[in-house]
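Asker: Counting in numbering that gives the first Met the number 0, the sequence shown runs from 0 upward without gaps. C-beta: ideal position from N, C-alpha, C; glycine also.
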Amino acid sequence: MPTQVLFAIGAASIALPLLAWALFSRPSRAQQAAVSNLQRGMRSGSVEPTNAILTGQRRRPLVLRLTTARGVARIDRLAARAGRPAAWPMERLLTAKLVLAVVTALLGLLYIAMKGGPLAVVVWAAAVVGMYFMPELLLYNAATKRNEKIQLELADTLDQMTIAVEAGLGFESAMALAGRNGKGPLAEELVRTLQDIEMGRTRREAYEALGVRCGVDDLHRFTRAVTQADANGIAVADVLHTQAGEMRLKRRQRAEEKAMKIPVKVIFPLMLCILPVLFIVVMGPAAMNLMTMFKGM
0 MPTQVLFAIG
10 AASIALPLLA
20 WALFSRPSRA
30 QQAAVSNLQR
40 GMRSGSVEPT
50 NAILTGQRRR
60 PLVLRLTTAR
70 GVARIDRLAA
80 RAGRPAAWPM
90 ERLLTAKLVL
100 AVVTALLGLL
110 YIAMKGGPLA
120 VVVWAAAVVG
130 MYFMPELLLY
140 NAATKRNEKI
150 QLELADTLDQ
160 MTIAVEAGLG
170 FESAMALAGR
180 NGKGPLAEEL
190 VRTLQDIEMG
200 RTRREAYEAL
210 GVRCGVDDLH
220 RFTRAVTQAD
230 ANGIAVADVL
240 HTQAGEMRLK
250 RRQRAEEKAM
260 KIPVKVIFPL
270 MLCILPVLFI
280 VVMGPAAMNL
290 MTMFKGM
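1. So, under 8 Å CB-CB, residue 177 and residue 159 are touching, yes? Tell me the CB distance rounded to an integer number of Å.
2. I'd like to check one pair, residue 183 with residue 207: are the Cβ atoms closer than 7 Å?
3. How about the segment 72-81 and the segment 208-216: do they share at least three Cβ pairs that are nearer than 8 Å?
4. With burial defined as no fewer than 16 other Cβ atoms inside 10 Å of the residue's Cβ, what is the status of residue 237: buried or exposed?
5. Going along the chain, which unbroken runs of the alpha helix (DSSP H) with 4 or more residues stay wholly within the segment 122-200?
6. Taking buried to mean at least 16 other C-beta atoms within 10 Å of its own C-beta, is residue 145 buried or exposed?
7. Pick out whichever of 108, 230 and 100 has its Cα sitting closest to the Cα of residue 133.
8. Can you say whether residue 278 is buried or exposed, counting buried as having 16 or more other CB atoms within 10 angstroms of its CB?
9. How would you call residue 274, buried or exposed, if buried means at least 16 neighbouring beta carbons within 10 angstroms?
10. Under three-state DSSP, which class holds residue 297?
11. Tell me which residue opens and which closes the alpha helix (DSSP H) that residue 94 is part of.
12. Apply the 10 Å Cβ neighbour rule to residue 188 and answer buried if 16 or more other Cβ atoms are within range, or exposed otherwise.
13. Give the secondary structure of residue 202 by DSSP, where H, G and I count as helix, E and B as strand, and everything else as coil.
14. Using 8 Å for Cβ pairs, my map puts residue 138 next to residue 74. What's the rounded Cβ distance?
15. Taking only the alpha-carbon atoms, compute the straight-line gap between residue 119 and residue 70 and give it to the nearest angstrom.
16. Run through DSSP, which three-state label would residue 73 get?
17. Counting beta carbon pairs with one atom in the segment 218-237 and one in the segment 253-273, are three or more of them shorter than 8 Å?
18. Could you spell out the range, first to last residue, of the alpha helix (DSSP H) harbouring residue 236?
19. To which residues of the same chain is residue 170 closer than 6 Å at the C-beta, ignoring the five residues directly before and after it?
20. Mapping the DSSP letters down to three states, classify residue 220 as helix, strand or coil.
21. Use the C-beta contact count for residue 243: other C-beta atoms within 10 angstroms, 16 or more gives buried, fewer gives exposed.
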């Protein structure tokens, strides 16, 4: 391949993403103000930036008009479960999807023009589809790790809330204390739930939104138990004590399950990496002695 073609491909792969990023990835002032207020812990009546994008209350950017509503909703759910990273707003995610797909398609066309063949076309199509869904895969990975952190923190957080309620605090005061003292994603979600209540949502709606937003089954089960206890007049301290015990039991069971999976996961590295080397070390000298003996005969 000539050097000029390689240089052109490299320049296009660098210039096109930067150009698209400069044209499309420009968060509005309302989005920046809302994110800044939430990060400072201010009680603002502003609607979440993504809600304004989805409902069309402001002028839709070009990148949103190029994406289907179902795709925007899917990325919105993934971003919510990933904690809505401030560095990756909705418009930037959609821009990354389109830019990656377009750049991969252009580079693939150059490759097909030089090589040709049906296999190159199949590889090109698979690469375009894979790069188009790459931001969603990264979001899904971040959401999965965040859910695991929430599951690990849930039992300890419920213990803190139980102690606070038994000491005389109300449930929301105990939740605020746990959110203020915590540093993980669960503490952030608790603070977000309290902000929803202060902005006018009912407790039932805020608790249900907490369970749905995180996508963690244990947390969703806890919010349902608290909602039912509030509706039926059951003592919240008893519910917290019971739920904390169940979360500790499930956390121990998950740890035991992962420990039981370790022997199965070790089999393939053992067979492919360790056993061949062991056979070489053990059988190598014997094989060399046999070869020497046969040569001497």
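Answerer: Put simply:
1. With a Cβ gap of about 5 Å, residue 177 and residue 159 count as contacting.
2. Their beta carbons are not under 7 Å apart, which means residue 207 does not touch residue 183 by this criterion.
3. Touching, yes, given that three or more Cβ pairs across the two stretches are closer than 8 Å.
4. Around the C-beta of residue 237, fewer than 16 other C-beta atoms lie within 10 Å, and the residue is accordingly described as exposed.
5. Counting whole runs of 4 or more residues, the segment 122-200 contains the alpha helix (DSSP H) stretches 133-165, 170-180 and 184-197.
6. Buried, because 16 or more other Cβ atoms sit within 10 Å of the Cβ of residue 145.
7. The option with the nearest alpha carbon to residue 133 is 100.
8. Taking all protein chains shown into account, residue 278 has fewer than 16 neighbouring C-beta atoms within 10 Å of its C-beta and is therefore exposed.
9. For residue 274, the number of other beta carbons within 10 angstroms of its own is below 16, and it is reported as exposed.
10. This structure does not reach residue 297, given that the chain is present from 0 up to 296, and the question cannot be answered.
11. Looking at the DSSP string, the run of the alpha helix (DSSP H) that includes residue 94 is 89-113.
12. Here residue 188 is buried, its C-beta having at least 16 other C-beta atoms within 10 Å.
13. Under the three-state reduction of DSSP, residue 202 is assigned to helix.
14. The C-beta separation of residue 138 from residue 74 comes to about 7 Å, placing the pair in contact by the 8 Å criterion.
15. One alpha carbon belongs to residue 119, the other to residue 70, and they sit about 28 Å apart.
16. Note: residue 73 maps to helix in three-state DSSP.
17. The answer is no - the segment 218-237 does not touch the segment 253-273, with fewer than three Cβ pairs under 8 Å.
18. If you look at residue 236, you'll find it in the alpha helix (DSSP H) that goes 235-268.
19. So the qualifying residues of the chain are 235.
20. Three-state result, residue 220: helix.
21. By the beta-carbon neighbour count (other beta carbons within 10 angstroms, threshold 16), residue 243 is buried.
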